[in-house]
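Just so you know, we're using the numbering used here here: the sequence shown kicks off at 63 and counts up by one. Note that the Cβ used here is the ideal one computed from N, Cα and C, for glycine as well.
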Amino acid sequence: MNADNEFDKIINRMTGNPPMKVKKQSRSGALFGVIMGASIISAIGGTILMFLNNILVNSFPSADFLQPGIGFIDAYKFFFLVLVLKIIFISLNNIQKNS
């Protein structure tokens with residue numbers, strides 16, 4: 063028994079309104095939303111990573127291994143890769159817990 067559905071049924075009977083139908087999102091729309099969300103998170107994370115690398119480069123000017131620094135596209139790709147790997151490992155961990 064879902065308490066939310068029962069509550070909605072009671073309210074609809076009291077007000078006399080027909081039940082509202084919620085339109086389900088298509089799979090392609092859901093996939094597009096997930097990809098856009100991951101892209102936005104990766105852009106923000108890549109920007110932060112780029113600024114942190116810039117701070118390190120400016121803090122240690124004689125460290126040749128830090129030069130020339132990391133650009134936005136490389137930071138974006140790296141953060142996206144780390145995000146995808148983290149999601150895969152979390153999913154595998156949840157599957158192991160459930161089985």
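Best match in the options for proximity to residue i [C-alpha to C-alpha]
i: Asn116; options: Val144, Ile132, Ala125, Ser88; result: Ile132
i: Phe134; options: Asn160, Thr109, Ile72, Met98; result: Thr109
i: Lys83; options: Met76, Asp70, Leu147, Ser90; result: Asp70
i: Tyr138; options: Thr77, Leu154, Ile106, Leu147; result: Ile106
Separation of residue j from residue i, as counted between CA atoms
i: Asn74; j: Lys86; result: 21 Å
i: Pro130; j: Ser124; result: 12 Å
i: Asp126; j: Ser90; result: 46 Å
i: Ser153; j: Val96; result: 15 Å
i: Asp136; j: Leu147; result: 16 Å
Beta-carbon gap between residue i and residue j smaller than 8 Å
i: Phe142; j: Ala100; result: yes
i: Leu128; j: Val119; result: yes
i: Leu145; j: Ile102; result: no
As assigned by DSSP and simplified to three states, the class of residue i
i: Ala125; result: coil
i: Ser153; result: helix
i: Gln158; result: helix
i: Lys85; result: coil
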